[in-house]
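Just below is one structure, and these are the notes that go with it.
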Amino acid sequence: MSKKKKITGFIVFFVLIAAVTIGIVLLGKPREHAETLSEVMRDAVLHETMKVSLFGLKDVNPGLISAYCVTAIVGLFAIICRIFVIPRFKEIPGKFQLVLETLVGLFRGLAKDNSPRKNGILSAYIFAAGVYIFVGTMFELLGFQAVTTNGASISLPAPLSDINGAIAMGCGSYLFILLGGIANNGFHGLMGTIKEFSLPLSMSFRLFGALLSGALVTELVYYPMFLSFGLPVIVGVLFTLLHALIQAYVLTLLVSIFYGEVSEEKLDKVEKKKRKQQKKAEKLAAKNKNIEENNENINNTITSEVSK
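The sequence shown maps to residues 2 to 309 in the working numbering.
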């Protein structure tokens, strides 16, 4: 495609957007908000009114429904790839195989860098956690609708924008670090993990705050009449994509770092002891060498005296 065609296409696109926006502003009626902005933000955090019935058993937050949907999507995709795609991998990879191998290599390298000796299960966990965070964050862009107990329609949010989902992810990651420390380092690993008692809170509220801030900024942009045309789409997509990438990387990096600290500590102490023993052996060898040289010099002196 030539530059002229590209420029013409962009101009036509922006002219159409401008025409639609002007038409909506001139012909459309102002929206009447059923809730105030403070009520909208409060419900986005606490979900006091907008609840969804879970198969008629219990009224739950919509974030839980989103979590079930994301888990089903990721799990089904993993099963399909394992059964139908991975057995057909070739030495010369195709595009999809190259993407999968790049992702696996990225998380495996992250695990090896932070935990050089004990990283088998670590790479698997951070891969699963990173994929879940990314897919779960992008899930809200699909716009799946659910009916609340009040009869209203609501778009399903990201699972981790619910405080309960964020706490579950943070505490689950902390439990994984704790079990890894105990399995690889025994009591020292247990104590090393317990001293980081604020870690689950920091990871939970980091996820929750980052994802909730994107939702609140989008709501702030969408709420005023003069900003509610076109701009919320751009802001929402950009915030969602950035949060999906950044939060997936940050949480997996934190998990791999702390896992490496609690599981590698004992091995590092063993290496230090080995280095000390090696230094002692080198000093002893140097001392013996000096003694041998002195003995040789004495023997040479005695031999020369006898020959005289």
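We treat Cβ as the ideally placed atom computed from N, Cα and C, and that holds for glycine.
What you are looking at is a predicted structure, and each value in this text was computed from that prediction instead of being measured.
Does DSSP put residue i in a helix, a strand or coil?
| i | result |
| --- | --- |
| residue 155 | strand |
| residue 342 | Given a span of 2 to 309 for the chain in the structure shown, any question on residue 342 remains unanswerable. |
| residue 114 | helix |
| residue 150 | coil |
| residue 144 | coil |
| residue 293 | helix |
| residue 199 | coil |
| residue 28 | Low local confidence applies: a pLDDT of 48 at residue 28 is under 50, so the model's placement there is unreliable, with the coordinate-based value given in what follows. Of the three classes helix, strand and coil, the one that applies to residue 28 here is helix, per DSSP. |
State buried or exposed for residue i, treating a residue as buried only when at least 16 other CB atoms are found within 10 Å of its CB.
| i | result |
| --- | --- |
| residue 154 | exposed |
| residue 117 | exposed |
| residue 163 | buried |
| residue 123 | buried |
| residue 187 | exposed |
| residue 290 | exposed |
| residue 110 | exposed |
| residue 288 | exposed |
| residue 68 | buried |
| residue 62 | buried |
| residue 141 | buried |
| residue 192 | exposed |
| residue 159 | buried |
| residue 31 | With a pLDDT of only 48 at residue 31, under 50, the local geometry of the prediction cannot be trusted, and no value is derived from it. |
| residue 9 | exposed |
| residue 6 | exposed |
| residue 137 | buried |
Pull the bridge partners of residue i from the DSSP assignment, please.
| i | result |
| --- | --- |
| residue 60 | 54 |
Quick test of your reading: residue i and residue j, contact by CB under 8 Å. State the CB separation rounded to the nearest angstrom.
| i | j | result |
| --- | --- | --- |
| residue 170 | residue 217 | Not quite, the Cβ-Cβ distance comes to about 20 Å (not below 8 Å), so this is no contact. |
| residue 174 | residue 256 | 5 Å |
| residue 130 | residue 253 | 6 Å |
| residue 211 | residue 248 | 5 Å |
| residue 108 | residue 128 | 4 Å |
What are the complete alpha helix (DSSP H) segments, minimum 4 residues, inside the segment 84 to 136? Within the segment 84 to 136, the runs of alpha helix (DSSP H) at least 4 residues long that lie entirely inside it are, in chain order, 96 to 115.
Entirely within the segment 160 to 208 and at least 3 residues each: give me those beta strand (DSSP E) ranges in chain order. Counting only runs of 3 or more, we get nothing.
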